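Chemist: Chains as they are written, first to last, in this note's numbering: chain A, 9 to 298; chain B, 19 to 306.
1) Which residues in chain B have a C-beta closer than 9 Å to the C-beta of residue 222 of chain A? List them in chain order.
2) Could you tell me which chain A residues have their CB closer than 8 Å to the CB of residue 192 of chain B, listed as they occur along the chain?
3) Can you pull the chain A residues whose beta carbon is under 8 Å from the beta carbon of residue 163 of chain B, in chain order?
4) Leaving out five residues before and five after residue 59 of chain B in sequence, what residues of the same chain have Cβ atoms less than 6 Å from its Cβ?
5) Contact criterion: CB-CB distance below 9 Å. Does residue 89 of chain A meet it with respect to chain B?
6) Quick check on residue 81 of chain B - is its C-beta less than 9 Å from some C-beta in chain A?
7) So is residue 26 of chain A in contact with chain B if we call contact Cβ pairs under 9 Å?
8) Determine the chain B residues that contact residue 208 of chain A at a beta-carbon separation under 7 Å, and present them in chain order.
9) Quick test of your reading: residue 69 of chain B and residue 142 of chain B, contact by CB under 8 Å. State the CB separation rounded to the nearest angstrom.
10) Tell me which residue opens and which closes the alpha helix (DSSP H) that residue 188 of chain A is part of.
11) Would you mind stating whether residue 245 of chain B and residue 214 of chain B have Cβ atoms separated by less than 9 Å?
12) In chain order, what residues of the same chain lie with their CB nearer than 8 Å to the CB of residue 47 of chain B, ignoring the 5 residues before and after it?
13) Using only CA atoms, which one of A:272, A:257, A:295, A:271 lies nearest to residue 283 of chain A?
14) At the 9 Å Cβ level, is residue 27 of chain B part of the contact set with chain D, yes or no?
15) Taking the alpha carbon of residue 83 of chain A as the point to measure from, which residue in A:33, A:95, A:100 has its own alpha carbon closest?
16) Taking all protein chains shown into account, do 16 or more other C-beta atoms lie within 10 angstroms of the C-beta of residue 165 of chain B, making it buried, or fewer, making it exposed?
17) Got a sec, what are the start and stop residues for the alpha helix (DSSP H) residue 122 of chain B sits in?
18) If we cut at 9 Å on Cβ distances, does residue 212 of chain A have a partner in chain B?
19) Is the Cβ-Cβ distance between residue 26 of chain B and residue 208 of chain B less than 9 Å?
20) Along chain B, which residues have their Cβ under 9 Å away from the Cβ of residue 8 of chain A?
21) Could you say which of A:218, A:46, A:110, A:219 lies nearest to residue 69 of chain A if we only look at CA atoms?
22) What's the gap between the Cα of residue 177 of chain A and the Cα of residue 174 of chain B?
23) Would the beta-carbon of residue 183 of chain A fall within 9 Å of that of residue 190 of chain B?
24) When we look at the beta-carbon of residue 228 of chain B and count the other beta-carbons within 10 Å, is it buried (16 or more) or exposed?
25) Determine, using beta carbons only, whether residue 276 of chain B comes closer than 9 Å to chain A.
26) What residue does the beta strand (DSSP E) around residue 8 of chain B start on, and which one ends it?
27) What residue from A:85, A:73, A:95, A:79 has the CA that sits closest to residue 124 of chain A's CA?
28) DSSP three-state call for residue 155 of chain A: helix, strand or coil?
29) Within 10 angstroms of its Cβ, does residue 61 of chain A collect 16 or more other Cβ (buried), or is it exposed?
30) Beta-carbon of residue 126 of chain A versus every beta-carbon of chain B: anything under 9 Å?
31) Tell whether a beta-carbon distance below 9 Å holds between residue 54 of chain A and residue 91 of chain A.
32) Tell me, which residues are paired with residue 131 of chain A by DSSP?
33) For the beta strand (DSSP E) containing residue 68 of chain B, name the first residue and the last one.
34) In chain B, which residues lie with their C-beta within 7 Å of the C-beta of residue 244 of chain A?
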């Protein structure tokens with residue numbers, strides 16, 4: 009089983025539309041994982057029907073039992089996160105600031121602080137309209153995205169792929185270079201980098217590729233909106249060659265991304281269009297090189 | 019007045035709005051622009067200023083002292099993040115997992131885990147006319163953005179105590195980095211695009227801002243593509259639509275080259291003017 013992770017560094021490059029197209033093309037041969045749990049959008053195109061829904065608990069958060077608290081203030085003194093404000097001699101926990109380290113609970117002389125496990129979101133196993141299984145999640149509002157929910161989604165998808173003997177897991181990764189991306193990338197067989205020829209797109213590609221390199225993952229690149237700025241496209245192509253990154257394909261700037269999205273469709277099912285062939289070829293190429 | 023510019027979905031135009039609005043407002047008054055998207059900071063690509071200050075930023079992590087350690091295992095027991103592990107006769111620290119809570123260090127019976135600084139990124143401060151621009155970038159391999167965001171905000175608070183317009187270009191999403199970047203803001207501008215993805219992620223961002231009890235408004239970028247879903251939603255939810263920046267390939271091309279847009283495209287300047295007026299009204303309390 010091979011794990012193909014699609015990432016972009018920068019948002020808005022077309023990553024999710026392209027990943028959903030691959031999922032559609034892969035059909036029954038693939039399991040899909042939406043690891044962009046912070047702002048998951050792939051379900052809008054793949055229309056999954058939930059087979060299973062589970063709560064996800066991760067980390068803990070402090071709670072002060074006001075009846076036993078003696079207001080000695082030791083907890084607030086050692087808290088490095090300003091998570092224990094005091095007003096009128098009453099100490100409380102600010103849940104947005106609490107990191108769940110548990111230091112306060114350990115040193116409270118009257119054991120008035122409990123560390124409660126936190127429901128940080130839900131995850132689902134679904135059937136999509138493309139005939140594949142999809143694992144996806146919804147992070148709770150303001151919850152910490154430590155990468156644990158991402159890892160959960162990915163591992164469930166891998167388990168399903170192994171059990172049902174599927175060839176590929178396709179992962180829609182998260183933006184940035186922090187914990188969620190690290191979780192998305194760990195264990196990947198191949199990374200697909202979706203970029204655009206803008207100074208920001210190129211800048212973010214270079215940064216996220218350093219991370220991919222650190223993990224020793226082979227990579228390929230899709231340049232979306234390639235005709236928007238031929239000079240930057242050329243720079244990106246040069247960068248790909250220098251770094252030995254497979255140039256999978258270049259897509260022209262096209263409103264079809266938005267039009268297909270409005271219909272809740274992937275680009276490859278949205279009638280005949282200029283991008284369809286390129287995306288089909290891209291998927292074939294990825295299957296061969298991954 | 020602190021204004022955070024945020025969005026659920028990435029790539030909707032936060033940086034475009036932040037850099038153009040900051041430059042436009044700075045034509046007439048002092049403005050501070052802060053790039054808090056420390057994982058992928060891009061504002062600097064559009065603002066060329068004079069570097070006035072550069073600072074390595076550190077987070078504190080424990081460092082094991084072999085000679086005094088009694089191998090009590092307390093450090094491992096008290097670390098909720100599995101960042102300190104005792105393996106046989108050795109204690110190992112995993113800095114990328116450490117949240118700098120100091121529990122292992124201060125609860126160690128033999129004080130064998132003093133906290134030492136570890137570099138996590140760099141802060142740079144540029145000046146261009148009335149515009150002060152500050153950005154922080156996280157080192158590759160560092161996983162936690164929040165401590166760097168928090169230190170950047172502290173720098174701004176110290177450096178600019180006066181009440182000028184401060185724009186915070188925030189990271190995408192709805193989780194901890196966004197909350198850190200927006201929690202001190204007086205007003206949050208949510209940038210979205212009029213598409214199903216844009217609407218879906220806007221709803222998540224709105225839920226987050228309501229949870230934080232923030233005042234917020236929406237700027238629709240690439241107006242004209244997609245459908246009326248975002249407008250209808252804002253109308254039903256009584257969320258002010260502060261401006262609508264038109265969809266225009268010329269904008270995409272200027273952006274792709276790292277250029278400011280409002281100086282070339284009058285329709286964009288018109289929208290910035292409208293946002294500027296909205297901010298002025300906020301300052302005197304008209305939009306309360």
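For glycine and all other residues, C-beta sits at the position ideal for the given N, C-alpha and C. Values in this document were obtained by computation on a predicted structure and should not be read as measured data.
Modeler: According to the structure shown:
1) 158, 159
2) 46, 47, 147, 149, 150
3) 184, 186
4) 53, 153, 155
5) yes
6) no
7) no
8) 33, 60, 63
9) 6 Å
10) 187–193
11) yes
12) 148, 182, 183
13) A:257
14) Protein chains A and B are contained in the structure displayed, whereas chain D is not.
15) A:100
16) buried
17) 121–125
18) yes
19) yes
20) Absent from the structure is residue 8 of chain A, since the part of chain A shown begins at 9 and ends at 298.
21) A:110
22) 44 Å
23) yes
24) exposed
25) yes
26) The structure shown does not extend to residue 8 of chain B, since chain B is modelled only from 19 through 306, so no value can be given for it.
27) A:73
28) coil
29) exposed
30) no
31) no
32) A:62, A:145
33) 68–80
34) By Cβ distance, chain B contributes nothing, its closest Cβ being about 11 Å from residue 244 of chain A, past 7 Å.
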